[in-house]
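Q: Can you keep this structure in mind? I'll have questions shortly.
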Amino acid sequence: MDVDAFLHQLLSQRYYRDQAVHVQTLPERPAEFAEVPGGLAPALQGALEWQGIRRLYSHQAEALRSIREGASVVVVTGTASGKTLCYNIPVVEALLESSLPTMLYLYPTKALAQDQLRGLQDLNRKELGIKFVAGTYDGDTPQTHRRKLRDKGNILLTNPDMLHQGILPQHARWNRFFTHLKFVVVDEVHAYRGVFGSHLANVLRRLDRLCAHYGATPQYICCSATIGNPQEHAERITGRSMVPITADGSPRGPKRFVFWNPPLIEGEDAAEGAPLPSDPHPNPLRRRPTPPVPLPQPFAAQHEAPSPFADELPAQPSPLTSSPPHLFTSSVPAPSIQPPPPHTASPPGGLRRSSLREATNLFTELVKDGVQTIAFVRTRLAAELIFRNSRDLLRPVSKRLADAVQAYRGGYLPEERRSIEGRLANRDILGVASTNALELGIDIGTLDAAILVGYPGSIASLWQQAGRAGRGHDESLVFLVGQTAPLDQYLMAHSEYIFSQSPEHAVIDPDNPHLVIGHLKCATQELPLSLVDAQRFGPYAEVILDLLEEDGSVRRIDQHWYWASTDYPAAEVSLRTLAGPVFTIQNESNQVIGTMDEVSAISQLHTHAVYLHGAETYLVRELDLEQKIARVEREELDYYTQSIQVAQIRVDETESEQPWRGGILGFGDVTVTTHTPMFKKIRFHSKDSLGFEQLELPPQQLETVALWYAPPPEVAQEMLRRQVLIGEALVGIANVLVEVAPFYVLCDVQDIGAVVDANCLGKEALFVHDRYPGGMGFARRCLDRFPELLETARSVIKECRCEDGCPSCVGSPVPAFALTDLDAGVRGRLPDKAAARLLLDLVLGDS
Numbered sequence: 030m031d032v033d034a035f036l037h038q039l040l041s042q043r044y045y046r047d048q049a050v051h052v053q054t055l056p057e058r059p060a061e062f063a064e065v066p067g068g069l070a071p072a073l074q075g076a077l078e079w080q081g082i083r084r085l086y087s088h089q090a091e092a093l094r095s096i097r098e099g100a101s102v103v104v105v106t107g108t109a110s111g112k113t114l115c116y117n118i119p120v121v122e123a124l125l126e127s128s129l130p131t132m133l134y135l136y137p138t139k140a141l142a143q144d145q146l147r148g149l150q151d152l153n154r155k156e157l158g159i160k161f162v163a164g165t166y167d168g169d170t171p172q173t174h175r176r177k178l179r180d181k182g183n184i185l186l187t188n189p190d191m192l193h194q195g196i197l198p199q200h201a202r203w204n205r206f207f208t209h210l211k212f213v214v215v216d217e218v219h220a221y222r223g224v225f226g227s228h229l230a231n232v233l234r235r236l237d238r239l240c241a242h243y244g245a246t247p248q249y250i251c252c253s254a255t256i257g258n259p260q261e262h263a264e265r266i267t268g269r270s271m272v273p274i275t276a277d278g279s280p281r282g283p284k285r286f287v288f289w290n291p292p293l294i295e296g297e298d299a300a301e302g303a304p305l306p307s308d309p310h311p312n313p314l315r316r317r318p319t320p321p322v323p324l325p326q327p328f329a330a331q332h333e334a335p336s337p338f339a340d341e342l343p344a345q346p347s348p349l350t351s352s353p354p355h356l357f358t359s360s361v362p363a364p365s366i367q368p369p370p371p372h373t374a375s376p377p378g379g380l381r382r383s384s385l386r387e388a389t390n391l392f393t394e395l396v397k398d399g400v401q402t403i404a405f406v407r408t409r410l411a412a413e414l415i416f417r418n419s420r421d422l423l424r425p426v427s428k429r430l431a432d433a434v435q436a437y438r439g440g441y442l443p444e445e446r447r448s449i450e451g452r453l454a455n456r457d458i459l460g461v462a463s464t465n466a467l468e469l470g471i472d473i474g475t476l477d478a479a480i481l482v483g484y485p486g487s488i489a490s491l492w493q494q495a496g497r498a499g500r501g502h503d504e505s506l507v508f509l510v511g512q513t514a515p516l517d518q519y520l521m522a523h524s525e526y527i528f529s530q531s532p533e534h535a536v537i538d539p540d541n542p543h544l545v546i547g548h549l550k551c552a553t554q555e556l557p558l559s560l561v562d563a564q565r566f567g568p569y570a571e572v573i574l575d576l577l578e579e580d581g582s583v584r585r586i587d588q589h590w591y592w593a594s595t596d597y598p599a600a601e602v603s604l605r606t607l608a609g610p611v612f613t614i615q616n617e618s619n620q621v622i623g624t625m626d627e628v629s630a631i632s633q634l635h636t637h638a639v640y641l642h643g644a645e646t647y648l649v650r651e652l653d654l655e656q657k658i659a660r661v662e663r664e665e666l667d668y669y670t671q672s673i674q675v676a677q678i679r680v681d682e683t684e685s686e687q688p689w690r691g692g693i694l695g696f697g698d699v700t701v702t703t704h705t706p707m708f709k710k711i712r713f714h715s716k717d718s719l720g721f722e723q724l725e726l727p728p729q730q731l732e733t734v735a736l737w738y739a740p741p742p743e744v745a746q747e748m749l750r751r752q753v754l755i756g757e758a759l760v761g762i763a764n765v766l767v768e769v770a771p772f773y774v775l776c777d778v779q780d781i782g783a784v785v786d787a788n789c790l791g792k793e794a795l796f797v798h799d800r801y802p803g804g805m806g807f808a809r810r811c812l813d814r815f816p817e818l819l820e821t822a823r824s825v826i827k828e829c830r831c832e833d834g835c836p837s838c839v840g841s842p843v844p845a846f847a848l849t850d851l852d853a854g855v856r857g858r859l860p861d862k863a864a865a866r867l868l869l870d871l872v873l874g875d876s
């Protein structure tokens, strides 16, 4: 695409109000090739040349050398860097030597496994002497094909869920496969963090135990996008020592990265999707004539950033407390597209126009120009809203263009997702609004532009999503659209953070007893468990087994534990969550049109909620909590719904508590009780509230871990003397802490919650908790970096230019991605900004 021409055109639109606060050019990177000692087998070389591959990138050659030496490796390179060949080449080499070896490929989703099979089959060339049996093994695989793969398959592509429930418990049928297992591939290992990663680590503990039983010791090959601790993370997942391969030798075309901050709301501008006050035309996307001024040089900032991939980013101290840079500099001479001076350009404070509206405008303009675009959003609802609104805007322009946009998200049926993926690869779809379901490496062709609606929550995820655009040598375009949340507004003012910060560390807790208990049940059902075997499952394993023996689930005989139940334990353990079943969504014809987890279902599928699917609105007639079914009916509605939730917290056990700057900083076990007393109806586009409706839903209890902080008594007294409420100050700080925590921990804002409570400690205190039973290590890491978190919170509050508090600092409203937030009652308030800043200054010292 001609990025200069598009940006010139975009910034001359009537709705442009200096949203482009910074543009960064990420330069082109040439390829680095390397030879493999001993070269490749002629047959394999011929198969690669048939695909147009004549030389290997340096990281591919390095990975192959280490694997040939018997090492387990983790390959950490950018999107579309050819990581797949890092494991396909050694696998085919092993099969050229013998037809006996078997390989297990693990992918986080069924879609990715099916997609990767197509690339693998390009190497299955009988005319060159390469012959193997490969196939996907998941819930969609026919029984006859399953039997063929089990009895004759060389390469099995599956997901952790199927390995856990369908293969390991039936290992006797798979004895040939396990006996000859040579390689285990764990692709997209960065996706296995939190609950999912902790579960996978236990599944692989069970896999290794069965392999040892059959006399096999497979090598592990892991592939990952950029994270801060790839070697440590892969070693915790697999239990093996890993050789890291991090020097990316693949080429990259130039990329233009635009920070796009929605303008402050002025009058009727608040209406999402409404025409701007100064625009006489009803269509807010109607073009003004483009000024006939030639661009003398690329539309870009005057400085260039290093490559956007972590192996090339310097590990620098966080610039979170530095002063804001000049937000935007441009060499474009046209006055109509010159931004205002930094002191007036998009100040961080205040209520801003909807980020979804801005993203829809950008999305629609790109599609109208024939630019194939992906818009990444945080929720299913946001994906549907962009799809619905962009289709409405495009329909008057062209029915063909209106039909060329689509949403993609979890909850769609498999055949719907496969159809969308195929149409994207064939360019039948020009624009797709997607959750992070398409962040992983599914082949959807070469995209020209990406729109990130809000900071994705981590540097690693940001570069993964941005890498979806520009898979060739042509220039690509990425927009980061700021939301009103504190974290987003901070980044709009501190764009340098994105280009200088190393990716975050992935966090898992495979020894969490809430997870281990289920996998110990599975392990004893698969094979009797010895004392040595029990040690594989962490320090709590023996205690848990004793409890299971008391319960009658297992029986101990001669230093071995045996399964003593008729239950099938693997069916009771869901790898994606710690607890809770999946709800099905049925229309009036009893057809299943989607699925949703329990926590989300209670907040989004309650009676009279509006469910969006394929840009259509459905009214929930009944949420059956016993049968786990939401019954919906298709209706034309002009509003959507949002639940209101409140939370209470109780300290169950204190693990540690110590003085910190005169206050108390503690950590321990807590119980969070959440109520959903009502929901509100919100009109599409205008976002007007249409009223509230009461709900009668059972409270949800979460036993987890939390850090807590109670300010010093003298601070409380000083604030009382100044007639400032300390509880208000803590609520404001809580809003900011939840938003900035992803700067320090590889987590999503939905992984942690914040509650302000005065009952537990007998004084006002702030609690930051994990939103998973037993915890996942997020609150613990926040505790370790609590001083930095408070300093960052103060920086966000101090630099916001609002007077009394706004959505960009202490008063973050319930955002679109927080529809299931357990702490929405806290985060929906607009507390006293001055109180929050005063408390932080009193605790941390004046600055």
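Residue numbers are given in our numbering: position 575 of the sequence shown equals residue 604, and the series is strictly consecutive. From the three backbone atoms N, C-alpha and C, an ideal C-beta is built for every residue, glycine too.
Based on the DSSP output, what are the partners of M707 in its beta bridges?
A: Note: M707 sits in a beta bridge opposite I673, Q723.
Q: Please list the segments of the beta strand (DSSP E) lying wholly inside the region 123-172, counting only runs of 3 or more residues, in order along the chain.
A: Listed in chain order, the complete beta strand (DSSP E) runs (minimum 3 residues) inside the region 123-172 are 131-135, 163-165.
Q: Only counting the same chain, and skipping five residues up and downstream in sequence, which positions put a Cβ closer than 6 Å to that of A263?
A: Counting only Cβ-Cβ distances below 6 Å, and skipping sequence neighbours, we find V103, V218, C251, M271.
Q: Can you have a look at P369 and say buried or exposed, based on whether 16 or more other CB atoms are within 10 angstroms of its CB?
A: Reliability of the predicted coordinates at P369 is poor, the pLDDT of 30 falling under 50, and the value obtained from them is presented with this limitation in mind. The residue in question, P369, is exposed, as its Cβ has fewer than 16 Cβ neighbours within 10 Å.
Q: From this set, L819, G439, G158, Y249, which residue's C-alpha is nearest E126's C-alpha?
A: Per the Cα distances, G158.
Q: Could you work out which residue in P283, F207, A794 is closest to P59 when comparing CA atoms only?
A: Ranking P283, F207, A794 by Cα distance to P59 puts P283 first.
Q: Who pairs with M625 in a beta bridge, going by DSSP?
A: According to DSSP, which records beta bridges pairwise, M625 is partnered with F612.
Q: Tell me, please, whether the region 752-759 touches the region 863-871 by the rule of three or more beta-carbon pairs shorter than 8 Å.
A: Touching, yes.
Q: In chain order, what residues of the same chain have a beta carbon less than 8 Å from the beta carbon of H502, not counting five sequence neighbours either side?
A: Excluding residues within five positions, the ones whose Cβ falls inside 8 Å are E57, P280, G282.
Q: Would you kindly work out how many angstroms separate the C-alpha atoms of E64 and H635, rounded to a whole number?
A: Rounded to the nearest angstrom, the two C-alpha atoms are 60 Å apart.
Q: Take the Cβ of N455 as the centre, count every other Cβ of all protein chains shown within 10 Å, and call the residue buried at 16 or more, exposed below.
A: N455 is exposed by the Cβ-count criterion.
Q: Alpha carbon to alpha carbon, how far is L239 from K155? Give it in angstroms, no decimals.
A: Near 33 Å, if we compare the C-alpha coordinates of L239 and K155.
Q: Label A339 either buried or exposed according to how many other C-beta atoms from any shown protein chain fall within 10 Å of its C-beta, with 16 as the threshold for buried.
A: Because the pLDDT at A339 is just 28, under 50, the model does not fix this residue reliably, and the value given afterwards should be weighed accordingly. With 16 or more Cβ atoms within 10 Å of its Cβ, A339 is classed as buried.
Q: Give every residue of the same chain whose Cβ lies closer than 6 Å to the Cβ of V400, excluding the five residues on either side of it in the sequence, and list them in chain order.
A: So the qualifying residues of the chain are M30, D477, A478.
Q: For T733 versus G803, is the C-beta spacing smaller than 8 Å?
A: Their beta carbons are under 8 Å apart, which means T733 touches G803 by this criterion.
Q: Smallest Cα separation from T187: which of D180, A140, R202?
A: Measuring from the Cα of T187, the nearest candidate turns out to be A140.
Q: Looking only at its chain, what residues have a beta carbon closer than 8 Å to the beta carbon of L867, apart from the 5 residues adjacent to it on each side?
A: Excluding positions up to five away in sequence, the list reads M748, R751, V753, A758.
Q: Let me make sure I understand the geometry here. Which of E832, G834, T821, C838 has the alpha-carbon closest to that of L873?
A: Among E832, G834, T821, C838, the Cα nearest to that of L873 belongs to T821.
Q: Starting from G460 and walking both ways along the alpha helix (DSSP H), at which residues does that stretch end?
A: Element bounds for G460: not the alpha helix (DSSP H) but the beta strand (DSSP E), 460-463.
Q: Do V654 and V744 have their C-beta atoms within less than 8 Å of each other?
A: It is Leu, not Val, that sits at residue 654 in the sequence shown. No, they are not a contact pair.
Q: Run through the DSSP bridge pairs and tell me what F508 is partnered with.
A: Answer is V287, I480.
Q: Please confirm whether Q42 and W289 have their CB atoms less than 8 Å apart.
A: Taking 8 Å as the Cβ cut-off, Q42 and W289 do not qualify as a contacting pair.
Q: The beta strand (DSSP E) with V50 in it runs from where to where?
A: That run of the beta strand (DSSP E) goes 49-55.
Q: Just to check my reading of the structure: A739 and A794 have Cβ atoms closer than 8 Å, yes? What is that Cβ distance to the nearest angstrom?
A: Between A794 and A739 the Cβ distance is about 4 Å, and since that is below 8 Å, they are a contact.
Q: So for V649, helix, strand or coil by DSSP?
A: Looking at V649 - three-state DSSP - the assignment turns out to be strand.
Q: So what does DSSP say about L812, is it helix, strand or coil?
A: Here L812 sits in helix by DSSP.
Q: Can you give me the C-alpha to C-alpha distance between Q687 and G547, rounded to a whole angstrom?
A: Each residue's Cα considered, the two are about 34 Å apart.
Q: Could you round the C-beta distance between R823 and Y773 to whole angstroms and report it? I think they count as a contact, below 8 Å.
A: About 15 Å separates the two Cβ atoms, so there is no contact after all.
Q: Determine the extent of the alpha helix (DSSP H) in which A404 is found, giving its start and end residues.
A: That residue, A404, is in no alpha helix (DSSP H); its beta strand (DSSP E) goes 402-405.
Q: Among the candidates S603, E651, A563, whose CA atom is the shortest distance from the CA of Q588?
A: The shortest C-alpha separation from Q588 is found at A563.
Q: Under the DSSP definition of a beta bridge, which residues are partnered with P273?
A: Beta-bridge pairing links P273 to V103.
Q: Taking its Cβ as the centre, do 16 or more other Cβ atoms sit within 10 Å of V214, making it buried, or is it exposed?
A: Buried is the call here.
Q: Compute the Euclidean distance between the alpha carbons of L135 and R147, then round it to the nearest angstrom.
A: Each residue's alpha carbon lies about 15 Å from the other.
Q: Can you check which of these residues, V675, A593, A230, G268, is closest to G581 by C-alpha distance?
A: Here the closest residue by C-alpha is A593.
Q: Whole-angstrom Cβ separation of R407 and P291, contact assumed at under 8 Å?
A: The pair is not a contact, with the Cβ atoms about 16 Å apart (cut-off 8 Å).
Q: Cutting at 8 Å between CB atoms, please list the residues of its own chain near F178, excluding the five before and the five after it.
A: A small correction: the amino acid at residue 178 is Leu; Phe does not occupy that position in the sequence shown. V162, G164, Y166, T170, L185, listed in sequence order.
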